[in-house]
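Protein chains in written order, with the numbering used here: chain A, 1 to 283; chain B, 1001 to 1283; chain C, 2001 to 2283; chain D, 3001 to 3283; chain E, 4001 to 4283; chain F, 5001 to 5283.
We put the beta carbon where it would ideally sit given N, CA and C, even for glycine.
Laid out in C-alpha cells, this is it:
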C-alpha cells in the first residue's frame, strides 16, 4: 500500500519550482505550435520510482487537460530503458514543464532508490531503517515520503512531533532521570521520549528512568552488545536505535544485533540523481 | 570577489526550512535554560565553503542578536577539522536552528566543492564550466550561487533569461535558419541565441545562420574537432558549448579542444553532502 | 516555567488580525496628534492572563518603539481592576492597535481561565487535563498554548503528530488487534498508539494488543471502574483517557478513579471572553 | 434573502484551518480504505445554522468531487437531532476534513444562534441589533456574516469603513464641534459620522454639530430618555445607538425607547459552541 | 496635515516592485564597489510631490541603514530642478533600487499633480473634487492617497465601503424607492446611500426616497440647474455629485453650480509621469 | 502570432485587483437577482486591444462558468463603438468584476495603442522600438506584453536578464574596456553586454572593447551620424540603441539613421487610458 500523499505540499512545491524556472515567461515556448502532442518518459537506469504526483502536477499546472498513463507507480522498481509514462498534452505546456517535472522525479527517485538499497541489507531481520532530519532544505516532507517509497520508516518529521533529549537537555535538567521526568511532564501525552546515550553508565540511567527509546550514538558493535545485555537483564522494553555515519558496511555489521532501528542520514542528505529522459513522439 | 548574494531568496528559503522543522513549536527547546551560549562550527572534511549567509539567517530569525565570527568566507577552501565559525546566541535559538543551518551549509558546500573539483581539471585552459537547469527543486538560485563560489559560471537561470533552440523549435519553424531568424525577431535584444546541434550538417546550417552559441550535444571528440575546423573555415565567432553526461574523464578529454564552455548537470543534480558539526562550548 | 512561545505564529496572526481591522487605512487615526502617550491595561474580572505576546505584537507592528511594563506574566492570576500593563507609544499606533490587541487578550485569557477552573477540580490527583482538536478555526496553536498557561496539557496538535484509531480504522483493518499492528508498522517510531473503545470487549482486545493509550469514550463511572480492574488484572501499563462532553460535575465524579487523563473539548471550543479595558493617561 | 458570501475569505480560512490540523500529513488516513462513503451531519441541539459554505469547502479542498445534500440553509433554525446534511465522498477526505469542518460549523452557528436569541427580544420594535469589532482574531468577516444569518446588522467591519469619534479625537480636535467638522472634511463622502457621548452636555454639542449617529455609552434608561427628548426638541434626525455590556435584561429594558440601534459585543466575543456530530453510514 | 499613510500596503508594493525588477539577482550590482555613497534626487519639472515613503522603502529594503534628507514632503509643490532629497547609503543598494524608487515617485506624483491642477479650477468654491474606482490595477490605495496629497477627496475605496445604486439595482428592486429602502435595510448603519440618476423624473423619485447622495450622470448644466431647483423646492438635504468624462472645460462650467462634489476618473486612470532623476555625487 | 501570455502573473494580478476592489464583500451585489445575464463590451475610441485575458480572468474568478465571445484578439485594432466582446454570466459576478476588468483593459490597451502609434513612425525602416524599465510599479510583465501587442520589442525585463553598464560601473572598473571585460567574466554566457556612452571617445573605447550594444544616451542626430561612421570604419557589428526622452518628433528625425533600436520610456511610464464601456442587455 502506498503511503499517503502530502497533496498541499505537492501543489506548493511545484508552483515554486515552475516559478523559479519560468520567471516572467518561457521565451522559447511561443516559438512552437501549441497543438496536442505525446511524449514518453524513459528511465535510463534501474531505480525505485518516486515523485509521480509532483511530475504530473508540473504539467497539470500549465495544461489542466494533460493526461498520463503510467506503467509503474511510486515504490515500484524500474528497469533500464523502461517506458515509465506516456504524456499527452499541449506542446508548449510539455516543453515548459519538462525540466521541472524531471527534476522532481530524478531527485525523489534517488532518495527512494538509495533507501531501498539499504533496506535490502536488512532483509530477514526485524530492524527498521529510519531517516533523519538531515534533509535538503525545503524538501523535508517530499524526501520523507520518498524514504517510505523505498521501504524505510520515518523518524520524527521535525522538532514538533518527537522528543530527542541530548547532552544539553540533560545538563540543563541536572541528570538523565530528571531530564526524562521533566520531558514526560511537558510533552504531548502521545509522544514517546527518546534519549541520546554514549556510555554504558548513561544507558543504565536511561533504562532505569524508563526512556521509551535509546539513541545509541556512534557505538561500537561490542558496546551495543553490552547495551542489549543490560536491557535484557533489566527486563526493559525500551527500544534501541543505532545511529552515526551509517554506511553499507556498518549496516551489515549490525544485522545480527537485537536492535530495533538504524537511522541513516545518507538516504536524504546525499542525492545521486536518477537518469530519466522525455522523448517526443512523431505525429 | 564574491558573487552578489540573492538576499530576498535567502530570507524566504530559511523561513520555509525553519517552518518545516519547527512546525507548531520545538518541543525540546523549552526544556533547556535560555542563557547565551557559544558554539563552534567544525568542518569534518576538506571542502569549498558555501552558504554562510543561509547559515547565519537560520539563527538570526530566531535570535536577531546572535553574532558570528568566521574564519573563512564563501568560496574559501576549508581543511578537515577547521573551526569555521564561532556563534554566540541564546541557547534555545541555537538548538532549534542548528539542524536547518547545517542542512543549508552541507548542501550548498557540496555544490561548490564538486564544482571546484571539475574546475581544477580545466586549469590552464580558457574553457569555462557552466551549470544547467538540472537542479534540486526549489534550490535553483542558491545552487547557481554555489556554482559560482566553486569557480564555475552560470548558464541561463531559467526559461526566461536565455534562449536554447531544440529539435522541437526547429521542426516548428521549418529549419535551423528559420528557427534562428524567428527567435531573433521575438526575443529581448540583449539575449544571445543558442541552438542544440547533433550532426555536422546541423552545425553548418547553424553557423551559416549566425547562431550566437552552439550546444554540441553528446558529440565525440573527433566530431567536435570537425566542428571547430568548420567554424574556423567560416571565420565564425559563434561560441561552442560541449554538453552531455559530463564526468571527470570526459572533461579531461576535452581540455585540449578550442571550445568555450562545458556544461555539467552533475554539479547541481547530485549532492554529496559535506560533513559539518556544531560543538557547544563549556561555560 | 512558561511554555515555549510559537513566535512565527504570533507574528502571522497579528498581521492577519490588524489587516482585517485596518484594511486600506484607519480613517480616524490621522485625526489625532501623533505624540507619545501612555495607556494602562486593566483587567475587569479575575482571570488567568494569556496572550501578552500577541498583545504586544499588535502595537509593535505599528510602532516598533513601543514599550510595555507588565505587572503579570502569562499563566499568572489577575485580580479585578488590576493594572496589568503600562504601554508607552505613539498615539495613532495605540489607538489603531487597541481593539486587535484586546481581542487576542480577552480570547486567550478566556481559554486559560476556564482551563484553570477545571484544573482546580483535579487538585491532589495525578490526573492530567488534556485539550482536544475542537478549537476555533485558525487559533489552534494559540489556544493550545493558552491551555498550558491554564495548567492543562496538550493532546495531539493535529492529525500529523498523533494517532487515534477510531471505528473506521478498526473496521478497515478488520479488528482492533490488526488495526494496532497495522498502525505500528506505518507510523513514526516515536508516536504512541491510542485507540477509542466503547465496550469492555473492545477494551480487552485493545489491552491485549498492547495499545499505548485507551480513549474511554462516554463511559459511565462504573464501566470505567471495570476497565481499571481489567487493566490491573492484565498487569498492563496502557494509559487511560476519559472523554465525552466533560463538565464540572462529571470531572468531580472522575477524581477518585485511577485514570491518567481527562480530555475536555469545552476549554477550547467555548469562549467566555475576559473583560479588559485600556485607559489613556492624562499628560 | 441570504447575505452575500465572502468567498475568497472562505477559501483562505479553510486552507489555514486544514493546514493547522493536517500539517505534514494525516497519519491515520492511509490506514483506511479510500472508497466513496456517505456520512450524515446531525445537530445535537436547536440552533441557527451558519457556516455551511465553510463546512463544504473543508471537504472540497480534499475531494473536489464530494457532494452535499442539505435539509437546511444558513439562517434556518435547526431542531435537536435533525439530519442537516448528507455528504458523499472519499473516505480519507471525509475523515481528514471532519474536525475542521465541524469546528467552523459549531463556531459560526454559535454566533448566529446567540444573535438570534437577542433579536427575538427586540421583536415588534424597529430597533436593530448591531455587532461590534469585539471579535475572535482572524474571524471578523465570518462572524459578521454569522450575525446577519442570525438576524442582526453589521456595524462597521473595521477602522477603514466607518468613523467613530471617541474621547481622544475630541480632545485632539479641541471640542465636539471641531472634531465633527474636522472628520467631515477628511473622510470619504459616503460615510456617516458617529460620535461617542457620555453626558447630556456632550449630547447637546453633538446634536448641534449635526453628528449623523450618537453612540450612547453605558447610559441609564433615564438618561437615554433625556437624550431622546433633547433630540426631538431640536428636530434632529441624528440616529441613536445604545451600547455598553449589553445582556438580555438590559436589552429588554431598552425595548420601549425610541432608539435606532443596540450594539452588542457578546454576540461575537463569546462563543457557546453548537453541538454537531458526523455519523458514517453502513454500506 | 498629511493624510494617514497606508504602511502595510507600502511595504508589500515595494516588495512586489523590487521583485519584478531584481528577479534572481541584479547582475550588474556586484560589478560596483559597495562603499557608502550619496545621491541627490532632482525634480525635472514643477509638480506636487507624492510617494516619498514608497521611494524610501525601496532603498531601505536593500539597505536598512540608508538615510534620507528631504527638502519637501508629500503634498508640497516642487519647482523645476529642485533638489528634493539627498540619499546616503550603500552603492549597490542605491543602484539596484533606483529605478523602482523613481517609478513609484513619478507615478504617484503624476496623480497628485493632475489632481491639484483640477483643484485649482475649483478654488473659491465649496465643491470638492472626488476620485473614482477607475484606477491602475494594483495601485488603488496608493493612488487614492495621491489624490489626497493633490488636494482632492476620496470617493469609496471599493465595493465594500460605499453603496452606489445603478440601473441594475433599481430594476432588480422594482423602482428607485424600493431600491433605496432595500439598501437601507441591508447595509452597514454608518454608510450613506448614493444613487445614479439620469432624468429629472429619477431625480424626483430619489429625492422623495431620501437618498443621501445623487450621482448626476453626464447631465448638461441646464439639467443640473433644474435638479438644484427641485432639491431646494423640496427642502432636501441630499448631496449632489456631478460625474461623467470630466475635463478642465466641463469643470470650469460647473464652478458656479450649487453642487457638492465633482468626481473625475482622469485623475487616476491617466498617468502623465513626472520627470525625476537621481545624480550620484563625487567623493 | 500573439506573444506568449504570462499566465501565473495574470491570475495573481487579477486576484490583487479584485481584492482591492471587493475587500470584505461587495455591498451592492446581493441587492440584485443573480440570474444569468449578457453584457457587451464596447470600445469608445480607436485603439489596439490588449488585456483580454486579464479581462476574462476578472469575471472567471467570480463565475467560473462565464463565457466570452470576442470580435477581436489582443493586438487587433478596434474602431470607435465596436462591440468587442459579448459576456454571458451570473449578474452578481459581472457587476462585481466589471470595474476591475475594464481597469485592466483600459490600461493595457493604452500601452499597446501608444506603442503602435510610435511603431507607425518607423514603418519601412529596420529600426525596432524598445520599451524600458520605466513602468508602473507592479505592472512590469503586463506592460511588456502590451508593448509587444502594439508591435514593439522588449528591452530587458529587469536587472536580472540583461546587463547595461553605466557610469558607476565604468568608474568602479577603471575604464570602459575593463568594465566590459569584467562583466564578460561574470555574467551568464547567453547575455549580451550593453554599455551607455555619451561622447565619441567613449564610443570608440566601447567599440574597441567589442561591446555587444551601445546605448547612445541623449545624443544629437549629428553625433549619432558620427557614431555610425566610426562603427563602419572599424568594421564593427556592435548594435546601436538611441535613447533619451523620445517623442514623435525625435523619432521621425531618427528614421533615416542606421541604428538598430530606439528605446522609449513614454510607452510604459505614461498612460492615456482607452475608453471602454459595458452595456447590459435586456432580456
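For residue 4272 of chain E, no alpha helix (DSSP H) segment is defined, and its DSSP state is neither H nor E.
The beta carbon of residue 3189 of chain D sits no closer than 8 Å to any beta carbon of chain C. Taking C-beta atoms under 8 Å as the contact rule, residue 4134 of chain E and residue 4269 of chain E qualify, at a distance of about 4 Å.
A direct Cα-Cα distance of roughly 13 Å separates residue 3158 of chain D from residue 3142 of chain D. Around the beta-carbon of residue 5108 of chain F, 16 or more other beta-carbon atoms lie within 10 Å, marking it buried. Non-local C-beta neighbours of residue 3079 of chain D in its own chain, meaning closer than 6 Å and more than five positions away in sequence, comprise 3046, ordered along the chain. With 16 or more other Cβ atoms inside 10 Å of its own Cβ, residue 1106 of chain B counts as buried. One alpha carbon belongs to residue 251 of chain A, the other to residue 132 of chain A, and they sit about 16 Å apart. For residue 2172 of chain C, the enclosing alpha helix (DSSP H) begins and ends at 2167 to 2173. By the C-beta density criterion, residue 1123 of chain B is exposed, having fewer than 16 other C-beta atoms within 10 angstroms.
When DSSP states are grouped into helix, strand and coil, residue 3043 of chain D belongs to the strand group.
Between residue 4224 of chain E and residue 4200 of chain E, the C-beta spacing is not below 8 Å. Contact annotation for residue 92 of chain A against chain D: no contact, minimum CB-CB distance about 26 Å [criterion: below 7 Å]. When DSSP states are grouped into helix, strand and coil, residue 2196 of chain C belongs to the strand group. Under the 8 Å criterion on CB atoms, residue 1141 of chain B is classed as interfacial with respect to chain A. Taking 9 Å as the Cβ-Cβ cut-off, the stretch 1164 to 1192 of chain B approaches chain A at 1164, 1165, 1166, 1167, 1168, 1169, 1171, 1172, 1173, 1179, 1182, 1183, 1186, 1187, 1188, 1191, given in chain order. Nearest to residue 1273 of chain B by C-alpha distance, out of A/144, A/189, A/136, A/117, is A/136. Here the alpha carbons of residue 3058 of chain D and residue 11 of chain A stand approximately 17 Å from one another. By the Cβ criterion, the stretch 47 to 56 of chain A is not in contact with the stretch 5176 to 5193 of chain F, since fewer than three pairs of Cβ atoms, one from each stretch, lie closer than 8 Å.
Following the DSSP letters along the chain, one finds residue 1125 of chain B in no beta strand (DSSP E), marked with neither H nor E. Put simply, the stretch 1252 to 1271 of chain B does not touch the stretch 1089 to 1097 of chain B. Fewer than three CB pairs are less than 8 Å apart.
For the stretch 5101 to 5123 of chain F, the residues whose beta carbon sits under 7 Å from a beta carbon of chain E are, in order, 5103, 5104, 5106, 5107.
In the DSSP assignment, residue 97 of chain A falls within the unbroken alpha helix (DSSP H) covering 91 to 121.
Any Cβ of chain E closer than 8 Å to the Cβ of residue 1024 of chain B would place that residue at the interface, and such an atom is absent. Taking all protein chains in view, the Cβ of residue 2241 of chain C is crowded by 16 or more other Cβ atoms within 10 Å, so the residue is classified as buried. In this structure, residue 4096 of chain E lies near residue 4022 of chain E, with their beta-carbon atoms less than 8 Å apart. Residue burial is scored here from C-beta neighbours: residue 2281 of chain C has fewer than 16 other C-beta atoms within 10 angstroms and is therefore classed as exposed. For the pair residue 3271 of chain D and residue 66 of chain A, the Cα-to-Cα distance works out to about 47 Å.
If you look at residue 2242 of chain C, you'll find it in the beta strand (DSSP E) that goes 2239 to 2243. The Cβ atoms of residue 42 of chain A and residue 220 of chain A do not sit closer than 8 Å to each other. Chain-ordered listing is empty here: chain B has no CB closer than 8 Å to the CB of residue 279 of chain A, the nearest sitting near 10 Å. Residue-level contact check: residue 5020 of chain F touches chain E, since one or more beta carbons of chain E fall below 8 Å from its beta carbon. Sequence-ordered contacts of the stretch 4148 to 4159 of chain E with chain C read 4157 [C-beta pairs closer than 7 Å].
Closest in alpha carbon position to residue 4037 of chain E, among E/4015, E/4063, E/4018, is E/4063. Look at residue 2057 of chain C: its C-beta is not under 8 Å from any C-beta on chain B. Below 8 Å, enough C-beta pairs join the stretch 1201 to 1212 of chain B and the stretch 1163 to 1178 of chain B to call them touching: three or more.
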